[in-house]
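Below is one structure, written out as structure tokens, with a few remarks after it.
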Amino acid sequence: MKIAVARETAPNERRVAATPETVRKLIALGAEVAVETGAGAGANVPDAAYAEAGATVGARDAVLAGAGLILGVQGPDPVGLPSGAMLAASLNPYQAKERLAAYAASGVEALAMEFMPRITRAQSMDILSSQANLSGYKAVIDAAEAYGRAFPMMMTAAGTVSAARVFVMGVGVAGLQAIATARRLGAVVSATDVRLATKEQILSLGGKPVFVEDDETKAAETAGGYAREMSDAYKAKQAALVSETIAKQDIVITTALIPGRPAPKLVSAAQVATMKPGSVIIDMSVVQGGNVEGSRADERVVTANGVTIMGFSNYASRLAADASALYSRNLLTFVTTFWDRDSRSLKLPDEDEIVQAVRVTAGGQIVHPGLKS
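Residues 87 to 459 in our numbering are what the sequence shown lists, from first letter to last.
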């Protein structure tokens, strides 16, 4: 089987879906690997490194021609993809249904890697977790740069510098890494989430949990480990608690997302107005509408009371080398798990729960139950 790695064309995307390390391992399986010229440039991987690993490096048309599997970071343009090929990438299925339909019409079997189920067997294939981990770290580093003051408490002969107070809203993978990174930098950290199960995780990282605890909170987590949409009554309680907490913070980092839905609004303009001048808010969910009123993707907004609001559309891409290394290993594990050594090709069993979760197009149509209109 020929495996193709195309250069990413989406704005602000610097990652690549394979590294020389994973190329070598794919070739060791018996695959032929072709990489588009310049595919790794954004992640500081030169074409020569791919050639040394055994890949053929060339123009896009030549790389895609005859490919049985195409590896991508974001879903590529359907034009030019070979019919009958499989495509494994992050496809943004809920927001890009027209593109999925185009994949189906082109005869491409599209595999949405962000739909990987959160089961033990699939942990090493989970692109959302690997990329969110780096994103949570980068958000804290961005906050530290924009804050303009020290994070840790410092006791000097000239006086004491107080520790920064950081509040993390949403305790998924990105939020947990944000807590851990802020603590390593010496900040006093508190955190909140709708899922009561995250309370122990916050404590284990040295943070202070801030929770609305009621019957609805106990049922706030889906079977897949994600947060549910909460009621208006819960949101009112949460808003009151957040208002009390947020006014005391120097830095707020919001990470809350609900799959297939706009990001929930967690911080209002009125709450932002209670923060001290020089405070910083990082809205990690800005690309899906944002958790913070007034945030704008890839812009630094300074409010009338001197609070900086920032949010980037692609955090993982801003750590492209590490993000590519982790992402490409996720894809390698997926390929290795379903690789048939006799035919030297990828075979996806219809009855496998991972295959059922990630397969979105097959046989010329959209097949994923959650995407059928």
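The C-beta atom is built at its ideal place from N, Cα and C for all residues, glycine as well.
Q: Figure out for me which residue from R101, L343, V353 and G166 has the closest Cα to the Cα of G258.
A: Along the sequence shown, read from residue 1 onward, the residue named residue 258 stands at position 172. From the listed residues R101, L343, V353 and G166, the smallest Cα separation to G258 is found for L343.
Q. What are the boundary residues of the beta strand (DSSP E) that F253 is part of?
A. What you label residue 253 is simply residue 167 of the sequence shown in a count that begins at 1. R251 to M255 is the span of the beta strand (DSSP E), which, as asked, contains F253.
Q: Check whether the Cβ atoms of I395 and V378 sit closer than 7 Å, and answer yes or no.
A: Residue numbering aside, residue 395 sits at position 309 when the sequence shown is read from its first letter. Residue numbering aside, residue 378 sits at position 292 when the sequence shown is read from its first letter. Against a cut-off of 7 Å, the Cβ pair of V378 and I395 comes out as a contact.
(Q) Can you find the residues in the same chain that come closer than 7 Å, C-beta to C-beta, to G272, ignoring five residues on each side of it along the sequence? (A) Within the sequence shown, residue 272 is the residue found at index 186, counting from 1. Contacts found: F237, P238, M239 and A249.
(Q) Measuring straight from C-alpha to C-alpha, what distance separates V252 and I367? (A) Numbered from 1 along the sequence shown, position 166 holds the residue referred to as residue 252. Numbered from 1 along the sequence shown, position 281 holds the residue referred to as residue 367. Rounded to the nearest whole angstrom, the C-alpha separation of V252 and I367 is 10 Å.
Q | alpha helix (DSSP H) segments (min. 4 residues) lying fully within the segment 168 to 230 | A | DSSP runs (the alpha helix (DSSP H)) wholly in the segment 168 to 230: 183 to 191.
**Q.** Beta-bridge pairing of L155 - partner residues as DSSP gives them
**A.** Taking the first residue of the sequence shown as 1, we reach residue 155 at position 69. DSSP lists I89 and M172 as partners of L155.
Q | Neighbour-count burial assignment, V165, 16 or more Cβ in a 10 Å radius | A | Counting from one through the sequence shown, the residue named residue 165 turns up at place 79. Taking all protein chains in view, the Cβ of V165 is surrounded by fewer than 16 other Cβ atoms within 10 Å, so the residue is classified as exposed.
Q. In terms of residue numbering, what span does the alpha helix (DSSP H) encompassing S329 cover?
A. On the sequence shown, position 243 is the one that residue 329 refers to. That run of the alpha helix (DSSP H) goes D318 to I332.
Q. Where does A125 sit, in a helix, a strand or coil, going by DSSP?
A. Position 39 of the sequence shown holds residue 125. A125 falls in the coil class under three-state DSSP.
Q. Does DSSP put V421 in a helix, in a strand, or in coil?
A. The residue given as residue 421 occupies position 335 in the sequence shown. In the structure shown, V421 adopts helical secondary structure according to DSSP, grouped into three states.
Q. Using the rule of at least 16 other Cβ atoms within 10 Å of the residue's Cβ for burial, across every protein chain shown, is V254 buried or exposed?
A. Stepping through the sequence shown from its first residue, residue 254 is reached at position 168. With 16 or more Cβ atoms within 10 Å of its Cβ, V254 is classed as buried.
(Q) Once DSSP output is grouped into helix, strand and coil, what is the label at V280? (A) Working through the sequence shown from its first residue, we reach residue 280 at position 194. When DSSP states are grouped into helix, strand and coil, V280 belongs to the coil group.
Q.
Only counting the same chain, and skipping five residues up and downstream in sequence, which positions put a Cβ closer than 6 Å to that of A359?
A. Against the sequence shown, residue 359 aligns to sequence position 273. Excluding residues within five positions, the ones whose Cβ falls inside 6 Å are N391.
**Q.** K285 (DSSP reduced to helix, strand or coil)
**A.** To locate residue 285, count along the sequence shown from 1; it is residue 199. Of the three classes helix, strand and coil, the one that applies to K285 here is helix, per DSSP.
Q. Hey, how far is the Cα of A135 from the Cα of K334?
A. Taking the first residue of the sequence shown as position 1, residue 135 is located at position 49. Taking the first residue of the sequence shown as position 1, residue 334 is located at position 248. Between the alpha carbons of A135 and K334 lies a distance of about 50 Å.
Q) So what's T267 in DSSP terms, helix, strand or just coil? A) Counting from 1 along the sequence shown, the entry for residue 267 is found at position 181. In the three-state DSSP reduction, T267 falls in the helix class (H, G or I).
Q | Pairwise C-alpha distance: Q374 and P348 | A | Stepping through the sequence shown from its first residue, residue 348 is reached at position 262. Stepping through the sequence shown from its first residue, residue 374 is reached at position 288. Taken atom to atom, the span from the alpha-carbon of P348 to that of Q374 is near 5 Å.
Q) If you draw a straight line from the alpha carbon of L167 to that of V387, how long is it in whole angstroms? A) Residue mapping note: residue 167 aligns to position 81 of the sequence shown, counting from 1. Residue mapping note: residue 387 aligns to position 301 of the sequence shown, counting from 1. Taking the straight line joining both Cα atoms gives about 40 Å.
Q) Just checking, does the segment 398 to 405 make contact with the segment 181 to 201 on the three C-beta pairs under 8 Å criterion? A) The count of Cβ pairs closer than 8 Å, one atom from the segment 398 to 405 and one from the segment 181 to 201, stays below three, leaving the stretches out of contact.
Q | C-alpha gap between S276 and D426, whole angstroms | A | Position 190 of the sequence shown holds residue 276. Position 340 of the sequence shown holds residue 426. Near 48 Å, if we compare the C-alpha coordinates of D426 and S276.
Q. For R437, which residues does DSSP report across the bridge?
A. In the sequence shown, the residue the question calls residue 437 occupies position 351. The residue asked about is misnamed: residue 437 is Glu in this sequence, not Arg. In the DSSP secondary-structure assignment, E437 is not bridged to any residue.
Q | D384, DSSP secondary structure in three states | A | One-based indexing of the sequence shown puts residue 384 at position 298. Coil at D384, not helix or strand.
Q) Unbroken alpha helix (DSSP H) runs of length 4 or more, entirely within the segment 106 to 150: which are they? A) Unbroken alpha helix (DSSP H) stretches of 4 residues or longer found wholly inside the segment 106 to 150: 106 to 114, 133 to 139 and 146 to 150, given in chain order.
Q) With respect to the beta strand (DSSP E) encompassing V338, which residues constitute its N-terminal and C-terminal limits? A) Taking the sequence shown and counting its residues from 1, one reaches residue 338 at position 252. Counted as a single uninterrupted DSSP element, the beta strand (DSSP E) harbouring V338 occupies residues I337 to T340.
Q: Report the three-state DSSP secondary structure of A373 (helix, strand or coil).
A: Position 287 of the sequence shown holds residue 373. It should be pointed out that residue 373 corresponds to Val in this sequence rather than to Ala. Correct three-state label for V373: helix.
Q) When DSSP labels each residue in this structure, what does G449 get in the three-state scheme? A) Position 363 of the sequence shown holds residue 449. Shown here, G449 sits in coil according to DSSP, grouped into three states, outside any helix or strand.
Q) For G245, does the three-state DSSP call read helix, strand or coil? A) Locating residue 245 in the sequence shown gives position 159, counting from the first residue. Looking at G245 - three-state DSSP - the assignment turns out to be strand.
Q | Integer Cβ distance of Y180 from G346, believed to fall under 8 Å | A | Taking the sequence shown and counting its residues from 1, the one referred to as residue 180 is at position 94. Taking the sequence shown and counting its residues from 1, the one referred to as residue 346 is at position 260. Taking a contact as a CB-CB distance under 8 Å, the pair Y180 and G346 counts as one, their CB atoms being some 4 Å apart.
**Q.** Residue span of the beta strand (DSSP E) that contains T394, given as start and end
**A.** One-based indexing of the sequence shown puts residue 394 at position 308. Here the beta strand (DSSP E) through T394 covers T394 to G397.
Q) Within this structure, are the beta carbons of A141 and V121 separated by less than 7 Å? A) Residue numbering aside, residue 141 sits at position 55 when the sequence shown is read from its first letter. Residue numbering aside, residue 121 sits at position 35 when the sequence shown is read from its first letter. Using a Cβ distance threshold of 7 Å, A141 and V121 count as a contacting pair.
Q: Have a look at G449, T389 and A383 and flag the residue whose alpha-carbon is nearest the alpha-carbon of P97.
A: By one-based count along the sequence shown, residue 97 stands at place 11. Checking every option, the nearest Cα to that of P97 belongs to A383.
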